[in-house]
Amino acid sequence: LYNPTQLSNTAILHQIRRDQVTDTCRANSVSSRKRRVLTPNDLKHLVVDEDHEMIYCYVPKVACTNWKRVMMVLTGRGKYSDPMEIPANEAHVSSNLKTLNQYSIPEINHRLKNYMKFLFVREPFERLVSAYRNKFTQ
Numbered sequence: 127l128y129n130p131t132q133l134s135n136t137a138i139l140h141q142i143r144r145d146q147v148t149d150t151c152r153a154n155s156v157s158s159r160k161r162r163v164l165t166p167n168d169l170k171h172l173v174v175d176e177d178h179e180m181i182y183c184y185v186p187k188v189a190c191t192n193w194k195r196v197m198m199v200l201t202g203r204g205k206y207s208d209p210m211e212i213p214a215n216e217a218h219v220s221s222n223l224k225t226l227n228q229y230s231i232p233e234i235n236h237r238l239k240n241y242m243k244f245l246f247v248r249e250p251f252e253r254l255v256s257a258y259r260n261k262f263t264q
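Take 127 as the starting number for the sequence shown in this note's numbering and just add one per residue.
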């Protein structure tokens, strides 16, 4: 049901979260910290979509199966046009998606500099419970 008070509280909470992200990013800006060089293993988690100039950084237990399915459809890698038709195990086959570790160093740097990059995060305790249920109760 419609509740204007709840809407206001939600807006306040979202603003607090935005402020926290801004403060954290400012505190960890390139000028205030030493950059860590990405390792080849890091690059395996960065899925590349050349046509849309996007890089998706997947995080296990944060809808990564569904996002890998979406990336398979977007990149045309596979025989499916509907992400939900793709079996979960097929979404995790490494040859079904191109990752950043498959490029040369100049190509990697070009993509990191010019492509849109995104990832999704999840509340840590909820993620832990989900992982437990997925691995031990199903």
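Yeah, the Cβ is synthetic: ideal placement off N, Cα and C, and Gly gets one too.
Is the distance from the Cβ of R195 to the Cβ of P213 below 7 Å? As a working note, residue 195 is residue 69 in the sequence shown. As a working note, residue 213 is residue 87 in the sequence shown. The criterion of a C-beta distance shorter than 7 Å is not satisfied by R195 and P213.
Rounded C-beta distance between F246 and V185? I'm assuming under 8 Å. Locating residue 246 in the sequence shown gives position 120, where the first residue counts as 1. Locating residue 185 in the sequence shown gives position 59, where the first residue counts as 1. That belief holds up - the Cβ atoms of F246 and V185 are roughly 7 Å apart, short of 8 Å.
Same chain, Cβ closer than 7 Å to N222, neighbours up to 5 away in sequence not counted: Taking the sequence shown and counting its residues from 1, the one referred to as residue 222 is at position 96. Cβ-Cβ distances below 7 Å link N222 to M198, R203, G204, E216 in the same chain, with the five nearest sequence neighbours on each side left out; the list follows chain order.
Tell me which residue opens and which closes the beta strand (DSSP E) that F244 is part of. Within the sequence shown, residue 244 is the residue found at index 118, counting from 1. Its beta strand (DSSP E) spans residues 242-245.
I'd like to know whether the C-beta atoms of L226 and L139 end up nearer to each other than 7 Å. Position 100 of the sequence shown, counted from the start, is the residue given in the question as residue 226. Position 13 of the sequence shown, counted from the start, is the residue given in the question as residue 139. Cβ atoms of L226 and L139: not closer than 7 Å.
Report the option in N260, H178, S256 whose CA atom is closest to the CA atom of K243. Translated into the one-based positions of the sequence shown, residue 243 becomes position 117. The shortest C-alpha separation from K243 is found at H178.
Own chain partners of N240 with C-beta closer than 8 Å, once the 5 adjacent residues on each side are dropped: Numbered from 1 along the sequence shown, position 114 holds the residue referred to as residue 240. Taken in chain order, the residues that qualify are E179.
List the DSSP bridge partners of T191. Residue 191 sits at position 65 when you count from the first residue of the sequence shown. None; T191 has no bridge partner.
Of the residues E233, L200, N154, A189, which one's Cα is nearest the Cα of N260? Looking up residue 260 in the sequence shown gives position 134. Among E233, L200, N154, A189, the Cα nearest to that of N260 belongs to A189.
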